[in-house]
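Residue numbers (the working numbering): 1 to 626.
Even glycine gets a Cβ: it sits at the ideal position worked out from N, Cα and C.
Fair warning: this is a prediction, and the values are worked out from it, not measured in the lab.
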Ligand code: ADP
Ligand code: MG
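Okay, here's the thing in structure tokens:
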């Protein structure tokens, strides 16, 4: 029988560090939280080489007594809770007492601190968990903590670190979250001797948002407040004319803590239903205050997720507050002045808008909008890829026209006004679906396009055709090696079944070739740190599950091509216009125009027909002409 042994405290700390300290940004988060908990009014962060070389955080908080320094870096030692009951009335950001111990275990660690009333401070060094005795030193009131050479003694972890730029992206994100949650504190962030942010304390939250994310974001915000339920809700939501291809700009703060919550994210999706295109996500900054005993914050290693006592009520309150606000807001007013081209000023972060459905559709419209020239009487694709432009209004026109009165997006069927551009004089706003001059097809039931060819009448399934077009385009891109990979600002943990997790981890190499980086995260959870940019509007869990299905269904390992093909199908299906989407004349033109460009326009990638032809002969026969 194998012998059972108690693990050494050093090993226990290393294991704990694996959960809490995943990368430099986790150190920054934990140390910032400690400084906030210490009541600091000023916190300065200094980082070298994305945090892999140095992370230093200094604060002017309450400090730590000299004789307590050693305890502070001991695991499960905390000043923040005393009894199990305290766990259900957490008023601080930390409470587990394991952050400092974990960080000190995997770095060269230095802690210098002086309590408010103390005449001198003290200093303590820990090298990979080996603690030196504390020694007195002169220093200002407050605390300075330094972690150098993170993971130098855990080479595997060190290997998991990404480029300086990627790690710095995560650090700025961790910094921004805390700086957003605490506008009353002066924060600064410096990287490689360069100042990235200096944020004086302010009462103007929108101002702080502007400094972190840019004017364009801040200017599009709508104030919301709601007290009609268990939550005191305050904050801003962006006008739908500003959106993102993922939900990373949805900042929710619960009792001063940044959280991710699937149910609340869903509520946001519902609130914006009909206002944003498929695949687009709202931008929000919302603070939720609840009684501490109505929420369990002890359910996630980094406290990113929480459990509400009554999540249904919170969900409903958020949704109804936003809906009520939207109904009383004129969302059209800004449509002409705002565009959707970024506004993210987070430094060292990949801010390119990912390729997503919206961009693809915008391009579609752009192509269609090119005026016919003498030698090309019809609309055609430009020789150069469409350039970034002020948004062409698909989203805007949604905001103009379709305010959802019910939950059913499909039922949102308000005739929309013409695109935001100038209208030809004398021409009434064309009700969509009516063939006017230049429109090569009639849209019926918001799902079929009817057009005429020499042969007869063609009925086209708009979704199936668009899907086919996108598929062909993507395949071409992929064959040219242009599938772009995008690193996630915050790697996404995806929980799978044990079999799925094993299959994914076995195929790490293959996934990497597809631009998807996965790593084990403990248990049946895998961490997705990058994936193809074009998949930005597909949730990582959805993506992995679908690919795993392919991996495991055949019984033998599928080759790269099969998986790539699967990816392309997914992208094109997700990005294509849907049945139920009302199309503008330009969109119809573009679709019909490009129909001829695809190799197989008769079938969507799933094999369903994209079009049915009723020959003239058949029609003549049916009408008993022949
Ligand atoms: P936790 O925050 O969960 O209590 P940590 O390991 O992060 O655990 O910190 C351990 C203890 O060290 C804290 O409870 C706190 O008393 C003290 N401490 C850590 N950082 C600071 C700081 N910047 N200022 C004052 N005290 C601190
Ligand atoms: Mg802490």
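Of the candidates 101, 477, 44 and 448, the residue whose Cα lies closest to the Cα of residue 197 is 44. Look at residue 64: its beta carbon is less than 7 Å from one of the heavy atoms in the ligand ADP.
In this chain, the alpha helix (DSSP H) harbouring residue 33 covers 24 to 37. Residue selection by CB proximity (closer than 5 Å to any heavy atom of the ligand MG) returns 34, 94 and 99 in chain order. With a cutoff of 7 Å, residue 123 does not count as near the ligand ADP, since its C-beta is closer than that to no heavy atom of the ligand. By the beta-carbon neighbour count (other beta carbons within 10 angstroms, threshold 16), residue 159 is exposed. The alpha-carbon separation between residue 136 and residue 127 amounts to approximately 18 Å. Checking the 7 Å criterion, the Cβ of residue 77 is within range of a heavy atom belonging to the ligand ADP.
A residue is called buried once 16 or more other Cβ atoms fall within 10 Å of its Cβ, and residue 626, having fewer, is exposed. About 5 Å separates the beta carbons of residue 55 and residue 27, which is inside the 8 Å limit, making them a contact pair. Beta-bridge annotation (DSSP): residue 321 is not paired with any residue. A check of alpha carbon separations from residue 233 across 529, 285, 527 and 595 identifies 285 as the nearest. Fully contained in the region 218 to 266 are the following beta strand (DSSP E) runs of length 3 or more, in chain order: 221 to 226, 232 to 238, 250 to 254 and 257 to 259. Using a Cβ distance threshold of 8 Å, residue 185 and residue 307 do not count as a contacting pair.
Secondary structure of residue 147 (DSSP, three-state): strand.
Excluding the 5 residues flanking it on each side, residue 293 has same chain C-beta neighbours closer than 7 Å at 88 and 89, in chain order. Positions of the alpha helix (DSSP H) runs, each at least 4 residues long and wholly inside the region 450 to 500, are given as 462 to 479 in order along the chain. Of the candidates 486, 504 and 487, the residue whose Cα lies closest to the Cα of residue 494 is 504.
For residue 518, the enclosing beta strand (DSSP E) has its first and last residue at 517 to 520. Counting only runs of 4 or more residues that sit fully inside the region 168 to 223, the alpha helix (DSSP H) segments are 205 to 213 and 215 to 219, in chain order.
Between residue 304 and residue 260, the gap from beta carbon to beta carbon is short of 8 Å. In the DSSP assignment, the residues bridged to residue 43 are 59 and 187. Set against 7 Å, the gap from the CB of residue 59 to the closest heavy atom of the ligand ADP is smaller. Residue 314 sits in a helix when the DSSP states are folded into three classes. With a cutoff of 8 Å on beta-carbon distance, residue 460 and residue 610 are scored as near each other. Short of 7 Å from the beta carbon of residue 491, and not among the five residues preceding or following it, lie these beta carbons of its own chain, in chain order: 527, 528 and 529. Here the C-alpha atom of residue 496 lies approximately 40 Å from the C-alpha atom of residue 58.
Of all alpha-carbon atoms in 255, 581, 236 and 618, the one lying nearest the alpha-carbon of residue 178 is that of 255. Close CB contacts of residue 291 within its chain, under the 8 Å cut and outside five residues either way in sequence, are with 230 (chain order). Residue 31 is not a Cβ neighbour of residue 72, given a cutoff of 8 Å.
Your pair residue 238 and residue 299 does not check out as a contact, with CB atoms roughly 29 Å apart and the cut at 8 Å. Remark: the C-beta of residue 38 is in contact range of the ligand ADP, defined as less than 7 Å to any heavy atom. Beta-bridge partners of residue 287 (DSSP): 234 and 253.
Boundaries of the beta strand (DSSP E) around residue 137: 135 to 137.
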